[in-house]
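From first to last, the protein sequence lines stand for chains W and X. Mapped onto my numbering, the consecutive letters of the first sequence carry residue numbers 1 to 388. Mapped onto my numbering, the consecutive letters of the second sequence carry residue numbers 389 to 776. Where is the CB? At the ideal position from N, CA and C, for every residue including glycine.
Protein chains: 2
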Amino acid sequence: MPATDPAIAEVSCLRYGEHEETARELAVDASLDVLEEAGLEGDELDSLFVANAFGMADKQGHVGPLISTAIGAPNVPSSTTEAACASASVAFRHAIAHVRAGMAETALVVGTEKVSHIDTMTATSYFCYGSDYFLEGGVGATFPGLYAAIARAHMDEFGTSEEDMARVAVKNHANGIHNPTAHFQKEIEIGDVLDSYEVAAPLKLYDACPFSDGAAAAIVTTEEKARAMTDTPVTVEASTQRGTIAALSEREDVTEIEGTQLAGQAAFEQAGVSADEVDLFEVHDCFTIAELVAMEDLGLAEPGKAAAMVREGQTKPDGDVPVNASGGLKSKGHPVGATGMGQIYEAVEQLRGEAEGPRQVDGAERVLTHNVGATGGTVTVNILGRGD
Amino acid sequence: MPATDPAIAEVSCLRYGEHEETARELAVDASLDVLEEAGLEGDELDSLFVANAFGMADKQGHVGPLISTAIGAPNVPSSTTEAACASASVAFRHAIAHVRAGMAETALVVGTEKVSHIDTMTATSYFCYGSDYFLEGGVGATFPGLYAAIARAHMDEFGTSEEDMARVAVKNHANGIHNPTAHFQKEIEIGDVLDSYEVAAPLKLYDACPFSDGAAAAIVTTEEKARAMTDTPVTVEASTQRGTIAALSEREDVTEIEGTQLAGQAAFEQAGVSADEVDLFEVHDCFTIAELVAMEDLGLAEPGKAAAMVREGQTKPDGDVPVNASGGLKSKGHPVGATGMGQIYEAVEQLRGEAEGPRQVDGAERVLTHNVGATGGTVTVNILGRGD
Chain W
1 MPATDPAIAE
11 VSCLRYGEHE
21 ETARELAVDA
31 SLDVLEEAGL
41 EGDELDSLFV
51 ANAFGMADKQ
61 GHVGPLISTA
71 IGAPNVPSST
81 TEAACASASV
91 AFRHAIAHVR
101 AGMAETALVV
111 GTEKVSHIDT
121 MTATSYFCYG
131 SDYFLEGGVG
141 ATFPGLYAAI
151 ARAHMDEFGT
161 SEEDMARVAV
171 KNHANGIHNP
181 TAHFQKEIEI
191 GDVLDSYEVA
201 APLKLYDACP
211 FSDGAAAAIV
221 TTEEKARAMT
231 DTPVTVEAST
241 QRGTIAALSE
251 REDVTEIEGT
261 QLAGQAAFEQ
271 AGVSADEVDL
281 FEVHDCFTIA
291 ELVAMEDLGL
301 AEPGKAAAMV
311 REGQTKPDGD
321 VPVNASGGLK
331 SKGHPVGATG
341 MGQIYEAVEQ
351 LRGEAEGPRQ
361 VDGAERVLTH
371 NVGATGGTVT
381 VNILGRGD
Chain X
389 MPATDPAIAE
399 VSCLRYGEHE
409 ETARELAVDA
419 SLDVLEEAGL
429 EGDELDSLFV
439 ANAFGMADKQ
449 GHVGPLISTA
459 IGAPNVPSST
469 TEAACASASV
479 AFRHAIAHVR
489 AGMAETALVV
499 GTEKVSHIDT
509 MTATSYFCYG
519 SDYFLEGGVG
529 ATFPGLYAAI
539 ARAHMDEFGT
549 SEEDMARVAV
559 KNHANGIHNP
569 TAHFQKEIEI
579 GDVLDSYEVA
589 APLKLYDACP
599 FSDGAAAAIV
609 TTEEKARAMT
619 DTPVTVEAST
629 QRGTIAALSE
639 REDVTEIEGT
649 QLAGQAAFEQ
659 AGVSADEVDL
669 FEVHDCFTIA
679 ELVAMEDLGL
689 AEPGKAAAMV
699 REGQTKPDGD
709 VPVNASGGLK
719 SKGHPVGATG
729 MGQIYEAVEQ
739 LRGEAEGPRQ
749 VDGAERVLTH
759 NVGATGGTVT
769 VNILGRGD
């Protein structure tokens with residue numbers, strides 16, 4: 001493995017939920033945490049990669065220099081990446097590229113978001129800016145509405161039921177109980193989901209992830225440097241990204257997301273492994289239906305067959321194909337610009353055997369993360385492995 | 389030179405000014421132009437790097453997939469980079485990193501911005517979001533105000549006069565006349581600048597660049613591939629980025645921008661050349677004072693001595709140290725998310741000897757571009773050379 005192959009030395013994650021701090025302050029907190037974990041000072045960094053989606057809509061863009069200044073690294077190059085809900089994993093890929101290219105040796109990636117200070121309608125609007133605003137957001141299609149269209153198509157095509165979707169929420173909430181960074185640590189039952197109010201039929205409140213504040217960070221560096229910082233570095237076996245035709249209405253089939261299929265295939269090829277050799281899948285379940293579609297697009301189930309796997313308990317942490325042991329976006333939460341880094345945080349915790357209680361997947365040696373921007377315009381897949 | 393060393397195969401630039409189209413449509417137009425120049429179809433791209441600053445504030449974020457879909461490349465990875473007024477050159481660096489890392493072979497970089505549909509106060513507010521909103525924008529410091537503070541300090545320290553600054557505007561307008569992509573093609577005199585109304589004393593309207601719409605793009609690829617696309621590829625001899633403490637009030641000295649000094653030194657070192665060996669400097673003159681400060685920070689003049697060089701005509705296209713032959717931000721215009729790519733467009737035109745009329749620097753073999761985010765929180769420097 002060449003010296004410039006990237007590895008993750010350390011990670012940090014603030015608890016998702018409601019925070020008093022602004023997005024930039026949350027990013028600073030997560031950044032200081034990960035620097036401390038890695039035993040680094042700010043001025044030992046070569047580059048800072050920030051992910052944030054809503055800052056510019058909320059009056060604070062150009063956060064890179066604000067964060068770098070606050071962590072004692074005002075002269076490092078910084079940038080903000082936006083790719084809707086996939087912002088953080090795309091920023092992570094930029095960091096990987098800079099390390100591989102020899103343009104940065106030690107990079108800090110931090111994803112951050114803050115929405116709890118704005119009302120729900122404003123937050124919903126901000127999300128809409130991630131859709132095709134001509135064809136979708138601007139004419140009234142909210143994200144619950146867009147994913148409801150996906151759910152309806154999936155139900156029509158494969159007979160997927162509202163109970164099938166509800167079971168995803170129940171499983172993810174059961175996992176979230178054991179995750180100290182999770183927004184919700186609350187067990188729920190199928191009836192709670194089915195009885196919750198409809199956000200966009202057939203999706204109900206408990207089919208949806210919450211609006212969360214949060215931040216998560218990682219030190220990405222060369223494998224050699226990572227080994228000097230920790231006994232348990234995490235290697236990047238694959239990191240891929242693909243897109244899908246932006247607006248749902250322009251796609252031939254909305255029961256699948258092509259970007260996930262392509263990024264998944266490319267990732268398995270890059271890592272030289274099959275899905276069977278992955279111990280945990282952290283997938284983008286912004287709505288319950290999204291977890292089922294992701295499983296099918298990643299090849300964990302034939303089209304229309306993911307629901308049966310959930311029903312049979314196969315996707316629990318102790319099942320054959322664990323999915324979202326963290327609780328997923330549904331229970332862990334979804335601070336948009338931080339979510340992709342939060343998935344990477346979970347992967348590292350799992351690979352180190354440090355996930356709490358029954359959430360830990362026994363002997364996890366390889367974890368896949370899957371992060372989606374909007375309805376799949378952007379999709380990233382990472383396969384991370386134990387580097388010790 | 390290894391095969392993965394990046395080069396610029398082709399560039400495009402829409403005329404800066406007022407456009408009917410939205411930011412995404414401008415980006416599509418510039419992208420289709422550069423694809424045509426390079427003889428490429430969208431699906432021959434491996435990656436798309438978009439730069440845009442104000443889209444999310446203006447209800448359309450996540451533009452990567454919208455642009456990739458419109459240019460026939462819906463499955464390519466895309467991302468949006470924001471670093472205030474340096475967004476485009478930072479996106480360009482991400483493209484370089486991906487090509488160098490072998491993560492993309494043929495990348496399209498496009499910067500885009502649209503402001504003419506909003507009123508001046510709203511546009512001024514959007515710019516403020518690029519400052520430290522706690523310490524600056526949110527408490528009333530607009531960008532003219534921040535650069536006025538820099539101007540005042542420079543006048544106090546070095547005796548720089550309002551006439552000195554006005555001469556920068558006059559020179560840049562004289563260059564812009566010959567630039568078909570320039571927002572302003574209008575000769576002005578010193579009196580026009582001095583008599584224009586004060587935006588933020590001592591800066592007057594004609595000390596400031598305009599709000600412009602625009603888009604500019606480039607195909608960044610391996611040197612080998614670039615040679616297959618054109619007889620006149622442009623090589624990237626250096627590409628550096630550094631930052632400065634974000635808020636002006638927290639800096640020791642505001643007559644200089646540390647990020648420019650550091651990025652400039654690093655770029656000369658990377659390219660293995662001195663400033664004497666550069667034939668043209670395209671620097672970030674968002675206000676006239678910024679051009680003088682940039683010249684001093686890049687080492688073209690001792691501190692306080694840049695004004696004399698302008699007075700003596702040394703910075704004209706036929707002078708010893710040509711600066712902003714394009715007309716600079718002052719006359720060419722400043723479509724924020726596009727500006728850095730517009731500088732690269734000018735560099736390529738100049739290196740190919742294709743700049744119109746007296747704007748062409750005779751026999752230009754090496755051009756430096758300098759792009760600043762806000763008041764220097766982000767600074768990039770590129771040194772581009774003839775690759776034929």
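The segment 182-196 of chain W contacting the segment 301-312 of chain W, beta-carbon criterion three pairs below 8 Å: no
Close beta carbons around residue 615 (chain X), own chain, < 6 Å, minus the five adjacent residues each side: Indexing the second sequence from 1 puts residue 615 (chain X) at position 227. The answer, listed in chain order, is 621.
Which one of W:219, W:326 and W:135 has the shortest CA to CA distance from residue 284 (chain W)? Taking the first residue of the first sequence as position 1, residue 284 (chain W) is located at position 284. For the residues W:219, W:326 and W:135, the minimum Cα distance to residue 284 (chain W) belongs to W:326.
Name, in chain order, the residues that DSSP records as bridge partners for residue 380 (chain W). On the first sequence, position 380 is the one that residue 380 (chain W) refers to. Its beta-bridge partners are W:241 and W:371.
Along the chain, where does the alpha helix (DSSP H) containing residue 413 (chain X) start, and where does it finish? Indexing the second sequence from 1 puts residue 413 (chain X) at position 25. It spans 411-426 - the alpha helix (DSSP H) in which residue 413 (chain X) sits, taken as one unbroken run.
Between the Cα of residue 330 (chain W) and those of W:185, W:275, W:262 and W:229, spot the shortest distance and give me the residue it belongs to. One-based indexing of the first sequence puts residue 330 (chain W) at position 330. The option with the nearest alpha carbon to residue 330 (chain W) is W:185.
Are the C-beta atoms of residue 324 (chain W) and some chain X residue less than 7 Å apart? Within the first sequence, the letter at position 324 stands for residue 324 (chain W). No, residue 324 (chain W) does not count as interfacial toward chain X.
Can you tell me the Cα-Cα spacing of residue 542 (chain X) and residue 731 (chain X), whole angstroms? Here residue 542 (chain X) refers to the residue found at position 154 when the second sequence is read from its first residue. Here residue 731 (chain X) refers to the residue found at position 343 when the second sequence is read from its first residue. If I take the Cα positions, the gap works out to 26 Å.
Does the CB of residue 335 (chain W) have a neighbour CB from chain X at under 7 Å? Walking along the first sequence from the start, residue 335 (chain W) turns up at place 335. False, the Cβ-Cβ gap to chain X never drops below 7 Å.
Relative to chain W, which residues along the segment 602-636 of chain X have a C-beta separation below 7 Å, given in chain order? 629, 630, 631, 632, 633 and 634
Cβ closer than 7 Å: which chain W residues qualify as neighbours of residue 520 (chain X)? Start at 1 with the first residue of the second sequence, and residue 520 (chain X) comes out as number 132. Those are 66, listed as they occur along chain W.
For residue 231 (chain W) and residue 388 (chain W), the rounded distance between their alpha carbons: The residue labelled residue 388 (chain W) in the question sits at position 388 within the first sequence. The residue labelled residue 231 (chain W) in the question sits at position 231 within the first sequence. So the two alpha carbons sit approximately 6 Å from each other.
Can you name the residues that DSSP bridges to residue 601 (chain X)? Locating residue 601 (chain X) in the second sequence gives position 213, where the first residue counts as 1. Residue 601 (chain X) pairs with X:405.
Determine, using beta carbons only, whether residue 598 (chain X) and residue 571 (chain X) come nearer to each other than 7 Å. Along the second sequence, one-based indexing puts residue 598 (chain X) at 210. Along the second sequence, one-based indexing puts residue 571 (chain X) at 183. Cβ distance < 7 Å, so residue 598 (chain X) and residue 571 (chain X) count as in contact.
CB contact below 7 Å: residue 661 (chain X) versus chain W: One-based indexing of the second sequence puts residue 661 (chain X) at position 273. No, its Cβ sits nowhere closer than 7 Å to a Cβ of chain W.
Mapping the DSSP letters down to three states, classify residue 449 (chain X) as helix, strand or coil. Against the second sequence, residue 449 (chain X) aligns to sequence position 61. Three-state DSSP puts residue 449 (chain X) in coil, outside helix and strand.
In chain order, each beta strand (DSSP E) run of at least 3 residues that lies wholly inside the segment 697-734 of chain X: none
Taking 7 Å as the threshold (C-beta atoms), are residue 631 (chain X) and residue 647 (chain X) in contact? If you number the second sequence from 1, residue 647 (chain X) lands on position 259. If you number the second sequence from 1, residue 631 (chain X) lands on position 243. A contact, by the Cβ cut-off of 7 Å.
Ranges of the beta strand (DSSP E) found wholly within the segment 228-273 of chain W, counting only runs of at least 3: 234-243
Residues of chain W with CB closer than 9 Å to the CB of residue 656 (chain X), please, in chain order. Here residue 656 (chain X) refers to the residue found at position 268 of the second sequence. Those within 9 Å of residue 656 (chain X) in chain W number zero; the least Cβ separation is about 17 Å.
Given that residue 726 (chain X) touches chain W, what residues does it touch there, using C-beta distances under 9 Å? As a working mapping, residue 726 (chain X) is identified with position 338 in the second sequence. By Cβ distance, chain W contributes nothing, its closest Cβ being about 16 Å from residue 726 (chain X), past 9 Å.
Residues of the segment 506-534 of chain X in Cβ contact with chain W at a cutoff of 9 Å, in chain order, please. 513, 514, 516, 517, 518, 519, 520, 521, 522, 525 and 526
From which residue to which residue does the beta strand (DSSP E) around residue 439 (chain X) run? Your numbering for residue 439 (chain X) matches position 51 in the second sequence. 435-439 is the extent of the beta strand (DSSP E) around residue 439 (chain X).
Out of W:315, W:99, W:59 and W:240, state which residue places its alpha-carbon closest to the alpha-carbon of residue 170 (chain W). Residue numbering aside, residue 170 (chain W) sits at position 170 when the first sequence is read from its first letter. The shortest C-alpha separation from residue 170 (chain W) is found at W:315.
For residue 370 (chain W), would you say it is in contact with chain X, using Cβ-to-Cβ distances shorter than 7 Å as the test? Sequence index remark: in the first sequence, residue 370 (chain W) carries index 370 (1-based). No, because no Cβ of chain X sits closer than 7 Å to the Cβ of residue 370 (chain W).
Just the Cα atoms here: how many angstroms apart are residue 237 (chain W) and residue 270 (chain W)? The residue labelled residue 237 (chain W) in the question sits at position 237 within the first sequence. The residue labelled residue 270 (chain W) in the question sits at position 270 within the first sequence. Approximately 7 Å, taken between the alpha carbons.
Can we say the segment 464-484 of chain X touches the segment 47-63 of chain W, given the rule of at least three CB pairs closer than 8 Å? yes
Mind checking the segment 72-101 of chain W against chain X and listing, in chain order, the residues whose C-beta falls within less than 7 Å of any C-beta there? 74, 75, 76, 77, 78, 79, 80, 81, 82, 83, 84, 90, 94, 97, 98, 100 and 101
Minimum Cβ-Cβ distance from residue 805 (chain X) to chain W less than 7 Å: Examination of residue 805 (chain X) is not possible in this model, given that chain X is present from 389 through 776 alone.
In whole angstroms, what is the alpha-carbon distance linking residue 133 (chain W) and residue 126 (chain W)? Here residue 133 (chain W) refers to the residue found at position 133 when the first sequence is read from its first residue. Here residue 126 (chain W) refers to the residue found at position 126 when the first sequence is read from its first residue. Distance between the alpha carbons of residue 133 (chain W) and residue 126 (chain W): 11 Å.
Just to confirm my understanding: we take residue 465 (chain X), look at its own chain, exclude 5 residues before and 5 after, and list those with CB closer than 6 Å. What are they? Locating residue 465 (chain X) in the second sequence gives position 77, counting from the first residue. These residues qualify, in order along the chain: 435.
Does the Cβ-Cβ distance between residue 411 (chain X) and residue 548 (chain X) come in under 7 Å? For the purposes of this step, residue 411 (chain X) is taken as residue 23 along the second sequence, with counting starting at 1. For the purposes of this step, residue 548 (chain X) is taken as residue 160 along the second sequence, with counting starting at 1. It is not a contact, given that the beta carbons lie outside the stated cut-off.
Excluding five sequence neighbours on each side, which residues of the same chain lie with their C-beta closer than 6 Å to the C-beta of residue 525 (chain X)? If you number the second sequence from 1, residue 525 (chain X) lands on position 137. Correct list, in chain order: 516 and 519.
Rounded to whole angstroms, what is the Cα-Cα separation between residue 297 (chain W) and residue 353 (chain W)? As a working mapping, residue 297 (chain W) is identified with position 297 in the first sequence. As a working mapping, residue 353 (chain W) is identified with position 353 in the first sequence. Taking the straight line joining both Cα atoms gives about 28 Å.
Residues of chain X with a CB under 7 Å from the CB of residue 252 (chain W): which are they? Translated into positions along the first sequence, residue 252 (chain W) becomes position 252. Under the 7 Å cutoff, chain X gives no residues; its nearest Cβ is about 12 Å from residue 252 (chain W).
Under 6 Å: does the beta carbon of residue 595 (chain X) sit that close to some heavy atom of the ligand NAP? Ligands in the displayed structure: none, and consequently the ligand NAP is not present.
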